[in-house]
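Just so we're aligned, residue 157 is where the sequence shown starts under the working numbering, counting upward by one.
Okay, so here's the structure we're looking at.
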Amino acid sequence: MWFILICFYGLIISDNCNEEGWYQNRYKCYRFFLDSHVRWEEASRVCHVHGGVMGVFNSIDKLDFVRYHVPTLNNSISRIFVGLQKTGGVWMWGYNNLTPEAELWESGAPASQGPLGAVTIATGRLVDVPDSGDHKLPFVCEKNLP
């Protein structure tokens, strides 16, 4: 059954990312920084240093990749930052300026908790979180296949 789940959610054991710590899902590479709890801005800087951006998960399939992959690396993580933020009253994915579809949000979200986006691992859905100095989470970066 695990083999089926691994294939279904796009986790490829021998992938084309060609860098340690990066995992392929479809045509993108993702790196999960699960031991680092940082503010959203710092997470974004780290992603840029690694040649990527904060993860863009604009489909159920992509969110399911996060939902099923994160626990295999660290099963104590409940939420991670992604590249979603509210600017001028509109939720947008970082570099491509797309807005998230309603079905991608957890029930009741966004709930005016804050202007930053995160994924709840248990549900695989988006939530809004505060932008405060004490709100720090692990995060995920993405970049194109080499």
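Note that CB positions come from ideal geometry on N, CA and C, so glycine has one too.
From the options, residue whose alpha carbon lies closest to that of residue i
{"i": "H225", "options": "V246, V275, G239, N214", "result": "V275"}
{"i": "W261", "options": "I277, G250, G244", "result": "I277"}
{"i": "A199", "options": "Q180, Q241, K184, R223", "result": "Q241"}
{"i": "G208", "options": "S192, R223, E257, G239", "result": "G239"}
{"i": "G250", "options": "R201, E176, I233", "result": "R201"}
{"i": "F237", "options": "G177, E176, V212, G245", "result": "V212"}
Straight-line Cα distance separating residue j from residue i
{"i": "N174", "j": "P302", "result": "8 angstroms"}
{"i": "H206", "j": "L190", "result": "15 angstroms"}
{"i": "C297", "j": "N231", "result": "19 angstroms"}
{"i": "S192", "j": "F295", "result": "8 angstroms"}
{"i": "H204", "j": "S263", "result": "31 angstroms"}
{"i": "M248", "j": "S268", "result": "15 angstroms"}
{"i": "L219", "j": "P256", "result": "12 angstroms"}
{"i": "F159", "j": "G245", "result": "In this prediction, F159 scores a pLDDT of 43, lower than 50, which makes its location untrustworthy; the coordinate-derived value is nonetheless stated afterwards. Computed Cα separation, rounded: 42 angstroms."}
Assigned exposure category for residue i - 16 Cβ within 10 Å defines buried
{"i": "P286", "result": "exposed"}
{"i": "Y186", "result": "buried"}
{"i": "N252", "result": "exposed"}
{"i": "P227", "result": "exposed"}
{"i": "G280", "result": "buried"}
{"i": "G289", "result": "exposed"}
Nearest-angstrom beta carbon gap, residue j and residue i [assumed within contact, 8 angstroms]
{"i": "L254", "j": "N214", "result": "6 angstroms"}
Residues of its chain near residue i, where Cβ-Cβ distance is below 6 angstroms and the 5 sequence neighbours each way are ignored
{"i": "V194", "result": "K292"}
{"i": "R235", "result": "A274, T276, L293"}
{"i": "D171", "result": "Q180"}
{"i": "W178", "result": "C185, R187"}
{"i": "W196", "result": "F237, L272"}
Own chain residues within Cβ distance below 8 angstroms of residue i, not counting five before or after
{"i": "L229", "result": "F188, L190"}
{"i": "E259", "result": "I216"}
{"i": "Y183", "result": "N300, L301"}
Residues near residue i by beta carbon distance below 7 angstroms, same chain, minus five either side
{"i": "A265", "result": "L282, V283, D284"}
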